[in-house]
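Trainee: Provided herewith is a single structure, encoded as structure tokens, for subsequent inquiry.
Number of protein chains: 2
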Amino acid sequence: MGKEHLGEFEELVLLMIVLLKEDAYGLAIRHAIKEHANRKVTIGAVHGTVNRLEKKGFIESQLGGGSELRGGRRKRLFTITNSGKSILEKSRDEKMALWGKIPELSILKIGGQG
Amino acid sequence: MGKEHLGEFEELVLLMIVLLKEDAYGLAIRHAIKEHANRKVTIGAVHGTVNRLEKKGFIESQLGGGSELRGGRRKRLFTITNSGKSILEKSRDEKMALWGKIPELSILKIGGQG
DNA sequence: CCTATTTATTCTATTTTATAGAACAAATTA
DNA sequence: TAATTTGTTCTATAAAATAGAATAAATAGG
Numbered sequence: 044m045g046k047e048h049l050g051e052f053e054e055l056v057l058l059m060i061v062l063l064k065e066d067a068y069g070l071a072i073r074h075a076i077k078e079h080a081n082r083k084v085t086i087g088a089v090h091g092t093v094n095r096l097e098k099k100g101f102i103e104s105q106l107g108g109g110s111e112l113r114g115g116r117r118k119r120l121f122t123i124t125n126s127g128k129s130i131l132e133k134s135r136d137e138k139m140a141l142w143g144k145i146p147e148l149s150i151l152k153i154g155g156q157g
Numbered sequence: 044m045g046k047e048h049l050g051e052f053e054e055l056v057l058l059m060i061v062l063l064k065e066d067a068y069g070l071a072i073r074h075a076i077k078e079h080a081n082r083k084v085t086i087g088a089v090h091g092t093v094n095r096l097e098k099k100g101f102i103e104s105q106l107g108g109g110s111e112l113r114g115g116r117r118k119r120l121f122t123i124t125n126s127g128k129s130i131l132e133k134s135r136d137e138k139m140a141l142w143g144k145i146p147e148l149s150i151l152k153i154g155g156q157g
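Heads up: the sequence lines are chains B and L, in that order.
Numbered by my numbering, the letters in the first sequence go through residues 44 to 157 in order.
Numbered by my numbering, the letters in the second sequence go through residues 44 to 157 in order.
Right under this line is the structure:
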């Protein structure tokens, strides 16, 4: 058994890798996080996390071919594994089940305190 | 502005506090996590997390009255603040929006690899 | 070919979260 | 007032999150 639960950022990165399909590598993941989650993170944060995810078997990586653009070294492309898909879906289902038990959260009035 | 994001376990604990309503204290939270999330955690994990959540302003605590049962010291009862409700809903909405962008995740076939 | 530029990954360090469980405290009851 | 029960605090450690500098590799232009 691998780890039971994804960290908050691990889950986000994993989602981005699925979203990016064939072009999921460090900088693209960072960019996708900015676009889709409106969240600014450093490249170190992303790579630290993909390394962890790969070590846990939730993603795999392979070196991409040479870029067609100006310069740049070859990309390390990530793809989700079945184990990764499985834990993502599990995470989603469990969380939705919990939210389903708290109807109040759907109609909460946000005030000024707190 | 407080912290931007809840950790994975912080979110779970916050959800349990909402679920438990008037009776959210350390041991009850731990028990609710076992019941609702089928997850066994130690009391130290729970208290470390509620302390953090309170420091960040997502929950408040007050000492409860004496117990009606056999023994036991007074409970430290937690309630969610508006700030806590707000970040919980934000977390839920953002995650659902992301999942909405990945229709594949709804029909993934889980295989043997990974 | 060699240097500047670009694109990308690795490396190093630190802070914050997550986790465990022992120690301690308080309430009740006999 | 001792044993039992219920609960919180304390101490330590591992794992996740984060930042950004250092490094590497690819290409283009002179």
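Think of the CB as a built atom: it goes at the ideal place given N, C-alpha and C, for glycine as much as any other residue.
#1: Using a Cβ-Cβ cut-off of 8 Å, state whether A80(B) counts as contacting chain L.
#2: Anything in the stretch 80 to 95 of chain L with a Cβ closer than 8 Å to a Cβ of chain B? List those residues in chain order, please.
#3: Find the residues of chain L that neighbour I145(B), judging by a C-beta separation of less than 8 Å, and give them in chain order.
#4: What residues in its chain sit with their C-beta under 8 Å from that of M139(L), if we drop five residues either side in the sequence?
#5: With which residues is F121(L) paired in a DSSP beta bridge?
#6: Tell me the residue span of the alpha helix (DSSP H) that contains K98(B).
#7: Identify, in the order they occur along the chain, each residue of the same chain with its Cβ nearer than 8 Å to the Cβ of L63(L), setting aside the five sequence neighbours on each side.
#8: Using only the alpha-carbon positions, how far apart do M59(B) and S129(B) sit?
#9: I need the DSSP call for L62(B), collapsed to helix, strand or coil.
#10: DSSP state of G69(B), grouped into three classes?
#11: Can you give the Cα-Cα distance for K77(L) and E78(B), rounded to whole angstroms?
#12: Pull out every residue of the stretch 63 to 76 of chain B whose Cβ sits closer than 8 Å to any Cβ of chain L, in chain order.
#13: State the DSSP-derived secondary structure class of K83(L), mapped to helix, strand or coil.
Mentor: With the given structure in hand:
#1: Along the first sequence, one-based indexing puts residue 80(B) at 37. Output row for A80(B): interface = yes.
#2: Those would be A80 and R82, in chain order.
#3: Position 102 of the first sequence, counted from the first residue, corresponds to residue 145(B). In chain order: L58, V61 and L62.
#4: One-based indexing of the second sequence puts residue 139(L) at position 96. Excluding sequence neighbours, M139(L) sits near nothing in its chain.
#5: For the purposes of this step, residue 121(L) is identified with residue 78 of the second sequence, where counting begins at 1. The partner list for F121(L) (beta bridge, DSSP) reads S104(L).
#6: Working through the first sequence from its first residue, we reach residue 98(B) at position 55. I86 to K98 is the span of the alpha helix (DSSP H), which, as asked, contains K98(B).
#7: For the purposes of this step, residue 63(L) is identified with residue 20 of the second sequence, where counting begins at 1. A71, I72 and A75.
#8: Working through the first sequence from its first residue, we reach residue 59(B) at position 16. Working through the first sequence from its first residue, we reach residue 129(B) at position 86. For M59(B) and S129(B), the distance between alpha carbons rounds to 15 Å.
#9: Start at 1 with the first residue of the first sequence, and residue 62(B) comes out as number 19. Secondary structure of L62(B) (DSSP, three-state): helix.
#10: Counting from one through the first sequence, the residue named residue 69(B) turns up at place 26. In the structure shown, G69(B) sits in a helix (DSSP, three-state: H, G or I).
#11: Taking the first residue of the second sequence as 1, we reach residue 77(L) at position 34. Taking the first residue of the first sequence as 1, we reach residue 78(B) at position 35. Spanning the two alpha carbons is a distance of roughly 36 Å.
#12: none
#13: For the purposes of this step, residue 83(L) is taken as residue 40 along the second sequence, with counting starting at 1. K83(L) falls in the coil class under three-state DSSP.
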